[in-house]
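Step one of this worksheet: look at the structure below.
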Amino acid sequence: MSRVHALLLVSLFAFSTSGCLGRVARYADEPAASPRSTAFLPDRGTISEDRLVAFILATNPFLAPGDARQQAEAITRHARTQGLPVHLVASLIATESSFNPRAVSPVGAQGLGQLMPATARDMGVSDPFDPEQNIAGTARYVAWLARVWQAHPQRWELTLASYLAGVGTVTRQVKAGRPLTGEQGSYVDKVFRLSGKV
Numbered sequence: 128m129s130r131v132h133a134l135l136l137v138s139l140f141a142f143s144t145s146g147c148l149g150r151v152a153r154y155a156d157e158p159a160a161s162p163r164s165t166a167f168l169p170d171r172g173t174i175s176e177d178r179l180v181a182f183i184l185a186t187n188p189f190l191a192p193g194d195a196r197q198q199a200e201a202i203t204r205h206a207r208t209q210g211l212p213v214h215l216v217a218s219l220i221a222t223e224s225s226f227n228p229r230a231v232s233p234v235g236a237q238g239l240g241q242l243m244p245a246t247a248r249d250m251g252v253s254d255p256f257d258p259e260q261n262i263a264g265t266a267r268y269v270a271w272l273a274r275v276w277q278a279h280p281q282r283w284e285l286t287l288a289s290y291l292a293g294v295g296t297v298t299r300q301v302k303a304g305r306p307l308t309g310e311q312g313s314y315v316d317k318v319f320r321l322s323g324k325v
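Below, the structure written as structure tokens:
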């Protein structure tokens, strides 16, 4: 090995151990220097119902103020019952349906949290278009996913990715050491971004 090669190897080792190469992209096709690791802080403290109503109406200005207040009250109550951050549940619902209780996706997801029929049944939801039931089922499902990923350092990212893509899919990705897909990463980013506006 030449002296130049030896010096390059020593320099590369020093560079990598300094932490400059220690960052690994968490999402496919993303640059390594990503701000996502600090984008979501689970403990935002108490969020007033008035602030949540304002967020709901800003997201969906076609919603009647009384309906927005009912949704805000239900989101707060069910998030707290399930031990979830209120702003997480609110931003997830904003991402899924823009607070439209009649929303239906092309694949058949329904209501505020865009629950698939089988998931709605599993979460005890008989009418996915009823805001109270849908919010309760959504919070139960998020809480269940959060328990699945409780010990993982990227708990909230994987919880949200699992909400989008299914826990089986994300579990297989994690076990294989693969990052979240671009679609999953964009979804997580959107929820995190909106959570800062609640």
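So the number in the working numbering is just where the residue sits in the sequence shown, counting from 1, plus 127.
Quick reminder that beta carbons are idealized off the backbone N, C-alpha and C, glycines included.
- Of the candidates LYS302, GLY238, GLU259 and LEU242, GLU259 places its Cα closest to the Cα of GLN197.
- Taking C-alpha positions only, PHE319 is separated from LEU215 by approximately 8 Å.
- The beta-bridge partner set that DSSP reports for VAL231 consists of GLN237.
- GLY264 is positioned such that its CB atom lies closer than 8 Å to that of GLY240.
- The C-alpha of VAL213 is placed about 7 Å away from the C-alpha of ARG207.
- Nearest C-alpha to ASP257 among LEU287, ALA230, ARG204 and SER218: ALA230.
- The C-beta separation of GLY235 from PRO255 comes to about 10 Å, leaving the pair out of contact by the 8 Å criterion.
- Taking the Cα of THR246 as reference, the smallest distance to any Cα among VAL180, ARG305, VAL269 and PRO228 is reached at VAL269.
- Looking at the DSSP output, LEU211 shares a beta bridge with no other residue.
- When the five nearest sequence neighbours on each side are left out, the beta carbons in the same chain lying within less than 7 Å of the beta carbon of ALA199 are those of GLU176, LEU179, VAL180 and ILE183, in order along the chain.
- Annotation: the continuous alpha helix (DSSP H) that includes PRO258 extends over 258 to 275.
- Nearest to THR203 by C-alpha distance, out of ALA288, THR173 and ASN227, is THR173.
- The Cβ atoms of VAL297 and ALA303 do not sit closer than 8 Å to each other.
- The Cβ neighbour count for PRO192, taken over all protein chains shown within 10 Å, is under 16; the residue is labelled exposed.
- Between LEU291 and ASN261, the C-beta spacing is not below 8 Å.
- Apart from sequence neighbours up to five positions away, the residues of its chain that approach LEU321 with a beta-carbon distance below 7 Å are SER218, ALA221 and THR222, ordered along the chain.
- In the DSSP assignment, LYS317 falls within the alpha helix (DSSP H) that extends over 309 to 322.
- In the three-state scheme derived from DSSP, where H, G and I count as helix and E and B as strand, LEU242 is classed as strand.
- Around the beta carbon of GLU310, a 10 Å sphere encloses fewer than 16 other beta carbons of the protein chains shown; the residue is thus reported as exposed.
- HIS205 and VAL301 have their C-alpha atoms roughly 29 Å apart.
- VAL294 and ASP194 have their C-alpha atoms spaced approximately 32 Å apart.
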